[in-house]
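Here the protein sequences come in this chain order: W and C.
Once you know that position 154 of the first sequence is 163 in the numbering used here, the rest is easy, because the numbers rise by one and skip nothing.
Once you know that position 53 of the second sequence is 62 in the numbering used here, the rest is easy, because the numbers rise by one and skip nothing.
Backbone N, C-alpha and C define an ideal beta-carbon position, used for all residues, glycine too.
Computed from a prediction, not measured in an experiment: that's the story for all the values here.
Number of protein chains: 2
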Amino acid sequence: MGAANSENPHIIRVKAGTVLFSPGQECQGFVKVHSGRIKVFLTAENGREIILYRVERGDICLQTFGCLVNQQLYSAEGRAENDVEIEIIPRPEFNRLIVSDTAFRDQVFSAVAARFKYFEFLIETVALSSVEVRLARILLRLMDDNKNVHATQEMLASEIGSAREVVSRQLNVFAAKGLVKIMRGKILLIALEKIEKIAKQSV
Amino acid sequence: MGAANSENPHIIRVKAGTVLFSPGQECQGFVKVHSGRIKVFLTAENGREIILYRVERGDICLQTFGCLVNQQLYSAEGRAENDVEIEIIPRPEFNRLIVSDTAFRDQVFSAVAARFKYFEFLIETVALSSVEVRLARILLRLMDDNKNVHATQEMLASEIGSAREVVSRQLNVFAAKGLVKIMRGKILLIALEKIEKIAKQSV
DNA sequence: TAATTATGTGTGACAAAGTCACAGACGGCG
DNA sequence: CGCCGTCTGTGACTTTGTCACACATAATTA
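Laid out in C-alpha cells, this is it:
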C-alpha cells in the first residue's frame with residue numbers, strides 16, 4: 010500500500026477504551042487503522058446504543074471521510090476496543106494519494122462500497138427484522154473458532170439496537186430450544202444450522 | 010460539471026414507476042440523475058418497506074457505486090418516482106474522470122459523505138427513536154410551502170420503517186393535540202413549532 | 001477465608017409498537 | 001346514482017421496550 014511508508018510520522022498509539030472522536034467534534038485527517046479495533050457507535054439520550062461498524066487492521070475510517078470531504082462534524086462516537094495504532098493522513102496528502110496512488114484509491118473506494126453495503130444491511134436489520142433474527146445473525150457474526158461468543162448480553166443488545174432484557178429473554182428462548190448454552194459473559198452455539206436458518210429469514 | 014458533455018450518448022429516459030434496478034442484479038455503469046427522482050428502498054418478506062434515500066436532479070446514485078467498485082450486486086430496489094432522465098457513465102470513463110476531473114471527483118466524494126451522514130441519521134432514527142419522533146421528522150421533511158404533506162399513511166409508514174396502522178394511530182394522537190389536520194392522502198401541519206419540538210428529541 | 005462490591009443475568013408488570021382482521025369512508029367513473 | 005378501488009380507523013392480540021428489583025457470579029478486600 011503506497012499510503013503508509015516507513016518514515017511516516019503520523020502514527021499514533023492509543024490505549025484500549027480511549028475515545029478517538031465524539032459527536033460534534035472536528036477532525037484533522039483521514040484515519041487508517043494499523044492494528045487493533047475501533048468501534049463506531051451512536052448513543053441515544055436514554056443511554057441505548059447501536060454499533061454502526063468496526064474499523065479493523067488495514068481498514069480506513071469513513072467517519073473521518075465525511076468530515077474531511079464535506080467539512081462535516083463527527084456524528085458518531087469512536088472508541089478503541091483494544092490498544093490501537095492509527096495513521097493520520099492529512100487532507101492534502103489524502104488528495105494527492107487519491108489522484109496518484111491507484112492502490113490507495115481502490116482501497117478507499119472499496120471501503121466506501123463495503124460500508125454502504127453494510128449500512129443497508131444494518132438498516133434492513135433494525136427496521137425490518139425481528140429481535141430473534143437479529144440476535145441469531147449477531148451470534149453467528151461474533152462466534153469464534155470454538156463456536157463461542159464472548160460478549161455480555163448488554164454488548165449484544167447494543168449490537169442489534171435493542172435492550173439487554175430483551176436479549177436475555179430471547180437467549181433463554183434459544184436455550185430452551187437447545188440452540189445455545191448461556192454462560193456469564195459467553196454464549197456457546199450448539200445447533201449452528203438451526204441458528205443459521207433463523208438468521209436467513211428476512212423478518 | 011465536466012462529466013456531462015452535450016454529445017454524451019449515454020442519456021436514458023424512463024417513465025414514472027419504472028424499476029431501474031432490483032436486488033441481485035448486476036449493473037452496467039455509474040448513474041447520474043439529470044431530472045426527476047428515484048427512490049431507493051428495501052422490502053422485507055412480509056411486504057414492509059423502508060426507503061433508504063432518494064436520488065434527485067444532479068445527484069449521483071451510490072447504489073451503483075458499490076456495484077461498480079466491488080463487483081457487488083444491487084442490494085436494494087430503485088424505482089423512478091416521476092419521469093426521469095439518467096446518464097450512465099461506463100466504468101472506464103468513471104475511472105478516468107475520478108483522476109482527471111477535480112469537479113467530478115469532488116461531487117462523487119461529496120455525495121458519498123452526504124449519504125453516509127444520512128445513513129447514520131437513518132440508523133439512529135429507526136434503531137433509537139420512537140414512532141412519534143420519526144413521524145414528526147418525516148412530516149417536516151415532506152412538507153411543502155403550504156405546510157401540506159402530500160402522502161398516504163402507507164407512504165409515511167415506509168418512510169419511517171413502520172406500519173400503516175401505527176402511523177394512523179400516531180397521526181390521530183397528533184390531530185387530537187391540534188398539531189395536524191388529517192385528510193385523505195394529505196396532512197396539513199398546523200402547529201409547526203410543536204412538531205419541530207417533538208422532532209428534536211432523540212428518543 | 002469470609003465479607004464486600006461490582007458486574008452480569010432473570011423476571012414480573014406495564015407501555016409502546018407491530019400484526020391481523022375487518023369495517024367504513026372517500027373519490028373516481030360507468 | 002351505484003360500483004369499485006384506494007385510503008383510513010379500530011379492536012384484539014403479539015412482540016418488543018422500559019422500569020424496578022431480585023439474584024448470581026466473579027473480583028476485591030478485610
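Assuming residue i and residue j are in contact, meaning their beta carbons sit under 8 Å apart, how far apart are those beta carbons, in whole angstroms?
i                      : j                      : result
residue 26 of chain W  : residue 89 of chain W  : 6 Å
residue 24 of chain C  : residue 92 of chain C  : 6 Å
residue 165 of chain C : residue 144 of chain C : 7 Å
residue 167 of chain W : residue 59 of chain W  : 6 Å
residue 204 of chain C : residue 137 of chain C : Going by Cβ atoms, the distance from residue 204 of chain C to residue 137 of chain C rounds to 20 Å, so no, they are not a contact pair.
residue 169 of chain W : residue 199 of chain W : Incorrect: roughly 20 Å between the Cβ atoms, too far for contact.
residue 51 of chain W  : residue 129 of chain C : 7 Å
residue 100 of chain C : residue 77 of chain C  : 6 Å
residue 135 of chain W : residue 135 of chain C : 5 Å
Within the 8 Å Cβ cut-off, does residue i reach chain C?
i                      : result
residue 223 of chain W : The question about residue 223 of chain W has no answer here: the residues shown for chain W are numbered 10 through 212.
residue 81 of chain W  : yes
residue 64 of chain W  : no
residue 135 of chain W : yes
residue 174 of chain W : no
residue 28 of chain W  : no
residue 166 of chain W : no
residue 12 of chain W  : Unreliable placement is indicated for residue 12 of chain W, whose pLDDT of 44 sits below 50; the coordinate value is still reported in the next sentence. Cβ-Cβ to chain C under 8 Å: no for residue 12 of chain W.
residue 67 of chain W  : no
For residue i, collect the residues of the same chain with a Cβ closer than 6 Å to its Cβ; drop the 5 residues on either side in sequence, then sort them by chain order.
i                      : result
residue 210 of chain W : 142
residue 19 of chain C  : 96, 97
residue 75 of chain W  : 81
residue 73 of chain W  : 36, 39, 40
residue 22 of chain C  : 94
residue 184 of chain C : 191
Let me check understanding here. Comparing Cα to Cα, which of the options lies closest to residue i?
i                      : options                   : result
residue 48 of chain C  : C:208, C:56, C:61         : C:61
residue 152 of chain W : W:179, W:57, W:195        : W:195
residue 127 of chain C : W:172, W:192, W:85, W:100 : W:85
residue 94 of chain C  : C:44, C:181, C:146        : C:44
residue 79 of chain C  : W:100, W:121, W:163       : W:121
residue 158 of chain C : C:193, C:187, C:179       : C:193
residue 33 of chain C  : C:174, C:201, C:83        : C:83
residue 188 of chain C : C:56, C:208, C:173, C:172 : C:208
residue 69 of chain W  : W:103, W:55, W:54         : W:103
residue 162 of chain W : W:184, W:175, W:156, W:87 : W:175
residue 212 of chain W : C:179, C:21, C:55, C:160  : C:55
residue 64 of chain W  : W:124, W:53, W:57, W:197  : W:124
Any beta-carbon of chain W closer than 8 Å to the one on residue i?
i                      : result
residue 39 of chain C  : no
residue 132 of chain C : yes
residue 71 of chain C  : yes
residue 84 of chain C  : yes
residue 125 of chain C : yes
residue 128 of chain C : yes
residue 54 of chain C  : yes
residue 194 of chain C : no
Cutting at 7 Å between CB atoms, please list the residues of its own chain near residue i, excluding the five before and the five after it.
i                      : result
residue 12 of chain C  : The predicted position of residue 12 of chain C is uncertain, since its pLDDT is 44 and thus under 50; a value taken from the coordinates is nonetheless stated next. Within the same chain, residue 12 of chain C has close Cβ partners 41, 98, 106, 110, 113.
residue 118 of chain C : none
Cutting at 8 Å between CB atoms, please list the residues of its own chain near residue i, excluding the five before and the five after it.
i                      : result
residue 181 of chain C : 191
residue 206 of chain W : none
Ignoring anything shorter than 4 residues or poking outside the stretch 64-132 of chain W, list the alpha helix (DSSP H) runs there in chain order. 71-79, 100-109
Can you give, in chain order, each stretch of the alpha helix (DSSP H) that sits fully within the stretch 146-204 of chain C and has at least 4 residues? 162-169, 173-185
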